[in-house]
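Below is one structure; the comments refer to it alone.
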Amino acid sequence: MYKLRHYDETVTAIWDSLPAAAREELTLALFEIIEDPHRHTRPINGQDHDVERTLTLQHTAITLLIIDAPPIQRVYIRSIEHLD
């Protein structure tokens, strides 16, 4: 299982400002992502195992950085965009 991290307070501020439905949808998606980030996201640069990945949901789009260098396995939230 990967550990979830974020880069800065901007991500936290956007998360906190999301409507309840968007936060719930994103929370459920993040549980799947930390189990298998490559399965549940798509690469930004077109290669399947890119470290920069994205996920678009109904209410939000997120950009992630995947660090997979055992023993360090982390998913960093780089940005959250509210789509509604």
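Numbering-wise (numbering that gives the first Met the number 0), the sequence shown opens with residue 0 and increments by one. Positions of the beta carbon are idealized from the N, C-alpha and C atoms, including for glycine. In this text the structure is predicted, and so the values were computed from the model without any measurement.
Looking at the backbone, the Cα of isoleucine 71 and that of alanine 60 are separated by about 25 Å.
With the rule of 3 Cβ pairs closer than 8 Å, the region 75-83 counts as touching the region 2-19.
Here histidine 39 carries a helix assignment [DSSP, helix/strand/coil]. Between arginine 4 and aspartate 35, the alpha-carbon positions lie close to 15 Å from each other. With respect to the C-alpha of leucine 29, the residue from Leu54, Ala68, Asp83, Pro69 having the closest C-alpha is Leu54. Under the three-state reduction of DSSP output, leucine 27 falls in the helix class. In this structure, the CA atom of aspartate 67 is about 27 Å from the CA atom of glutamine 57. By the criterion of a C-beta distance shorter than 6 Å, threonine 62 is surrounded in its chain by Thr53, Arg77, Ser78, once the five residues flanking it on both sides are discounted.
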